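Quick note: the sequence shown uses our numbering, first residue 73, plus one each step. C-beta: ideal position from N, C-alpha, C; glycine also. Just so we're clear, the structure is a prediction, and the values are computed from it rather than from any experiment.
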Amino acid sequence: MARFTILSYEFRTVQDPYDNSLFPTRTEEEKEEIFAHKQDYFDEFFNQENFPELFVYSGRHYRVQLLWKYNGIIVFQMEKQGWYNQSIDFQNNKIPDNRWLDIIIDNRAQQQFIAVRKNSTVFKPYTVAKILEENFSEWLKPKCGLEVSVKTQYQSKVFWDIYDKFNKVHGIERLQFNFPFPNKDWISENIEGLMQFGKARNGATRLGLEAAKGEKLYFEKNEDNEKLVNTCSGTGVDVLIKPREHRVIHVVKEMNPIEQEISDGALQKVLRPTADTPVEDEIVFTAYQKAGEFLNKFKQYYE
Numbered sequence: 073m074a075r076f077t078i079l080s081y082e083f084r085t086v087q088d089p090y091d092n093s094l095f096p097t098r099t100e101e102e103k104e105e106i107f108a109h110k111q112d113y114f115d116e117f118f119n120q121e122n123f124p125e126l127f128v129y130s131g132r133h134y135r136v137q138l139l140w141k142y143n144g145i146i147v148f149q150m151e152k153q154g155w156y157n158q159s160i161d162f163q164n165n166k167i168p169d170n171r172w173l174d175i176i177i178d179n180r181a182q183q184q185f186i187a188v189r190k191n192s193t194v195f196k197p198y199t200v201a202k203i204l205e206e207n208f209s210e211w212l213k214p215k216c217g218l219e220v221s222v223k224t225q226y227q228s229k230v231f232w233d234i235y236d237k238f239n240k241v242h243g244i245e246r247l248q249f250n251f252p253f254p255n256k257d258w259i260s261e262n263i264e265g266l267m268q269f270g271k272a273r274n275g276a277t278r279l280g281l282e283a284a285k286g287e288k289l290y291f292e293k294n295e296d297n298e299k300l301v302n303t304c305s306g307t308g309v310d311v312l313i314k315p316r317e318h319r320v321i322h323v324v325k326e327m328n329p330i331e332q333e334i335s336d337g338a339l340q341k342v343l344r345p346t347a348d349t350p351v352e353d354e355i356v357f358t359a360y361q362k363a364g365e366f367l368n369k370f371k372q373y374y375e
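Printed below as a string of structure tokens:
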């Protein structure tokens, strides 16, 4: 079995760019139209003529290879390009470091997931998220004035475990929810009023709850409160918990990433097509079918 870490990606409009030659001024109507087709623009990045040979992040280069894309599912690989030191016969030797990762993107409507094959010896999930975020945004900004945020999803249970633990002992004096820029219908349905407030101002929304001095918050586990927590966990954004007489706790620093398994046989079929394989080939359809079965296991938020 192969294990994949699940990431979520969200779009937002770039505001007040400094270089108007790269980022032309657009009317609000144009921005709305672009945002309505955000996933179509994102899909264009993976056209063979647009897809780069290298991703660049923090001065390092990563070779990338598009395998196939079909009906909103995209599969590619990312390879380290560097060296590491290895001691052989009491001598340090530089060994080429060309390890790679398999990456599956679900860009179907209302999905926006990225599955990254788990391999801690190659990349940490946070590093992969930052590499993808920077390179996707670098292409989208001049193209359509959009940028992408990529984050690791986590189970909402992480929040409730921390909250319950400290609430019993200390009580909670402050909570802060950092909601994503509204991208998906289920997010807007969860917290519609807050999302519309943020969308009208082209910004992500925060909700802060603070107890009166010397008092503690009451934040019971009910449907409304679960929607707040699920929205954050399902998109990988942070929640801040401040217990009384204790430091602020960042939930994203306490969580374990969501993971999903796929059989080795199914993964081999997913990775079999290459960029030269005709899309009408049965190999591509089989790969799409197996990838779809795997991606359909993902939940939009976790309980």
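Please state if the CB of residue j and the CB of residue i are separated by a distance shorter than 8 angstroms.
i: S14; j: Y226; result: Only positions 73 to 375 of the chain appear in the structure, and residue 14 is not among them; the question remains open.
i: V220; j: S209; result: yes
i: V86; j: L218; result: yes
i: V136; j: F117; result: no
i: R316; j: G243; result: yes
i: V309; j: K223; result: yes
i: I175; j: Y81; result: no
i: F83; j: K110; result: yes
i: R246; j: L281; result: yes
For residue i, which residues from the same chain have a beta carbon less than 8 angstroms from its beta carbon, with the 5 sequence-adjacent residues on both sides left out?
i: W232; result: K293 and V301
i: I234; result: I313, I321, V323 and E326
i: T346; result: L139 and W140
i: M73; result: E333, I334, S335 and D336
i: R98; result: I106 and G217
i: N297; result: F291
Which residues in the same chain as residue i place their Cβ atom closer than 6 angstroms to its Cβ, once the five residues preceding and following it in sequence are excluded?
i: R75; result: K190, E331 and E333
i: C216; result: I106 and Y113
Which whole-angstrom value is the C-beta distance of residue i and residue j, which I expect to be below 8 angstroms?
i: L212; j: F107; result: No, L212 and F107 are not in contact; Cβ-Cβ is about 12 angstroms, not under 8 angstroms.
i: K202; j: R171; result: Actually they do not touch by this definition, with Cβ atoms about 18 angstroms apart.
i: F249; j: L279; result: 4 angstroms
Using 10 angstroms around the beta-carbon of residue i, count the other beta-carbons present and answer buried if the total reaches 16, otherwise exposed.
i: N119; result: exposed
i: S228; result: buried
i: V351; result: exposed
i: T307; result: buried
i: V241; result: exposed
i: Y373; result: Reliability fails at Y373, whose pLDDT of 42 lies under 50, so the model's placement of it is uncertain and the value that follows must be treated cautiously. Y373 is buried by the Cβ-count criterion.
Consider the Cβ of residue i: report whether some Cβ of chain B lies at a distance smaller than 8 angstroms.
i: K237; result: Structure shown: chain B not included; a single protein chain is present.
In chain order, what residues of the same chain have a beta carbon less than 7 angstroms from the beta carbon of residue i, not counting five sequence neighbours either side?
i: P124; result: V136
i: F127; result: Y134, V136, M150, I203 and N207
i: F370; result: I78, F185 and Q332
i: Y360; result: Y142, N143 and I145
Practice item. Take every Cβ of the region 176-193, pair it with every Cβ of the region 137-148, and state whether three or more of those distances are shorter than 8 angstroms. Key: yes
**Study point:** At least three beta-carbon pairs within less than 8 angstroms, the region 335-346 to the region 317-324
**Key:** no
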